[in-house]
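Q: Okay, so the sequence shown: first residue is 9 according to this note's numbering, each after it adds one. Got a structure for you, questions after.
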Amino acid sequence: MTKSKIILDLFNLRDEKFANFNACLLPDTVKENVIGVRTPELKKYAKTIQNPDDFLQKLPHKYFEENQIHAFLLSDIKDFEKCANMVDAFLPYIDNWATCDQLIPKAFGKNTDKLLPWINKWLKSKHTYTVRFAIGLLMRFYLGDKFDLKYAKQVLNIQSDEYYINMMRAWYFATALAKNWNKVISIIENKELDTWTHNKTIQKAIESFRITEPQKKYLRTLKR
């Protein structure tokens with residue numbers, strides 16, 4: 009299955025109204041590079057691609073949907089080392105939050121000890137979506153029973169003006185409050201986060217059904 013055949017197939021699945029809508033949600037992506045294929049159809053199509061390694065080697069992609077398919081294919085790779093190396097090669101080409109957040113390799117969740125050195129590397133990147141991705145991994149795989157305050161400190165110590173990084177930082181801490189309240193609430197009480205991320209964390213936590221009403225009432229008193 010050639011790259012040109014894949015692109016032709018994607019245009020055959022196109023919904024132009026959805027393309028316009030989706031492009032508005034992806035401000036960092038060129039509008040003309042959004043074909044307009046809905047996620048369920050993309051996932052279904054990704055499973056039909058023969059020799060996916062050939063597709064995964066052909067970077068960069070032009071279209072948003074190609075990047076989405078790339079993320080779906082990477083997420084299904086079972087071998088950890090292969091997956092980590094291919095994710096590392098792909099991350100610099102991610103240019104939007106959707107592809108970043110769709111990339112959830114199953115192999116990572118099964119190898120959290122092996123994953124930590126990769127996360128440490130990605131957190132130091134100067135690329136917005138690489139950092140966002142790394143924070144997302146800490147949120148998905150290292151809260152609850154696997155939580156350690158040193159991971160929260162890593163996210164806390166990130167200094168950035170990038171909206172999509174700080175939004176993920178807020179999402180991380182809101183989720184950490186839901187899963188590890190007693191270990192994380194002091195960060196909010198002591199106002200260790202920058203003001204924007206602090207207030208966004210509280211907002212997202214208050215919106216969460218996993219935070220109790222007494223906890224939400226208390227968080228409202230901590231707004232800056």
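Backbone N, C-alpha and C fix where the C-beta goes; we use that ideal spot for every residue, glycine too. None of the values given here were measured: they were computed from a predicted structure.
(1) Let me check understanding here. Comparing Cα to Cα, which of T37, I57, H135 and V38 lies closest to T10?
(2) Mapping DSSP to helix, strand and coil, what is N198?
(3) Assuming V42 is part of the alpha helix (DSSP H), what are its boundary residues?
(4) Please go through the same chain and pick out, in chain order, the residues whose beta-carbon is closer than 7 Å to the beta-carbon of D109, but skip the five residues on each side of it.
(5) Assess, as a yes-or-no matter, whether the segment 70-82 is touched by the segment 29-45 under the definition of 3 or more beta carbon pairs within less than 8 Å.
(6) What three-state label does DSSP hand R140 in the structure shown?
(7) Measure the alpha-carbon distance for L230 versus N190 and round it to whole angstroms.
(8) What distance in whole Å lies between the Cβ atoms of N104 and L34, which are believed to be in contact at a cut-off of 8 Å?
(9) The alpha helix (DSSP H) spanning R228 covers which residue range?
(10) Report the residue ranges of all alpha helix (DSSP H) runs contained in full by the segment 66-106; include only those spanning at least 4 residues, in chain order.
A: Answer, in terms of the structure:
(1) When only C-alpha atoms are compared, the closest one is I57.
(2) Assignment of N198 by DSSP, reduced to helix, strand and coil, places it in the coil class.
(3) Per DSSP, V42 belongs to no alpha helix (DSSP H) and is neither H nor E.
(4) Hits under 7 Å: G144.
(5) Taking 8 Å as the limit for Cβ pairs, the verdict is that the segment 70-82 does touch the segment 29-45.
(6) It is helical.
(7) Here the alpha carbons of N190 and L230 stand approximately 16 Å from one another.
(8) Rounded, the Cβ-Cβ distance is 5 Å, consistent with contact.
(9) Counting along the chain, the alpha helix (DSSP H) containing R228 begins and ends at E221 to R228.
(10) As far as the segment 66-106 is concerned, its whole alpha helix (DSSP H) runs of at least 4 residues are 72-83 and 88-98.
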